[in-house]
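For the record, in the sequence shown the residue sitting at position 82 is 82 according to the UniProt record's numbering, with numbers rising by one throughout.
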Amino acid sequence: MYRLYDAEGTLLYVGVTWAPKQRWKDHRKEMLWWPEVTDKHLTWYGTRPEAEEAELSAIQAENPLYNKSGFGFDAEGEPLGPVLPSGVPPQPWGARIAYQLPAVRPAYRLEWFTWRAQLRDAYLTPEERAALGRRQGRYD
């Protein structure tokens, strides 16, 4: 299991892989937030199911900024955790941006980035948005 952090120690992402360098290479190709990553922490587990259980617990407890899965479903089958803004579709499951035709990648990236920004902003307080904006140089 790995955790990715920015320069200020903010947890950006939690994931599981048996080949961290390859996974990070994939992230670099397809995740617009990758340039924010400055620190990577690895924790090895005896089995993949153990690692996946730890990943789920970490996502739920630590609320990484860019994870979109791992929250599960309620009794009615509705997803728990973040909810998509109306009319903004997520990146299709099983259709990584890096694997799309080069001609359509920019559109997928823009759609994904816009969706993430809207989702993130909907779950941050005005103070948190201002702090994040200052960190990214968008607000004064």
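Backbone N, C-alpha and C define an ideal beta-carbon position, used for all residues, glycine too.
Judged by DSSP secondary structure, Leu56 falls within the alpha helix (DSSP H) whose first and last residues are 48-62. In this structure, Trp34 is the residue among Gln22, Trp34, Glu53, Pro106 with its C-alpha nearest to the C-alpha of Tyr66. Distance from the CA of Lys40 to the CA of Pro64, rounded to the nearest whole angstrom, comes to 13 Å. Secondary structure at Leu110: helix, using DSSP grouped into helix, strand and coil. Here Asp6 carries a coil assignment [DSSP, helix/strand/coil]. Using a C-beta cut-off of 8 Å, the segment 2-18 makes contact with the segment 47-61, since at least three inter-stretch Cβ pairs fall below that distance.
In the same chain as Ala58, and ignoring 5 residues on each side of it, the C-beta atoms closer than 6 Å to its own belong to Val14, in chain order. In chain order, Tyr5, Asp6, Ala7 place their CB closer than 7 Å to the CB of Thr38, counting only its own chain and leaving out the 5 sequence neighbours on each side. The bridge partners DSSP lists for Lys40 are Leu4.
Taking the Cβ atoms as the reference, Pro20 lies roughly 6 Å from Leu42, within the contact range of under 8 Å. Under DSSP, no beta-bridge partner is assigned to Leu12.
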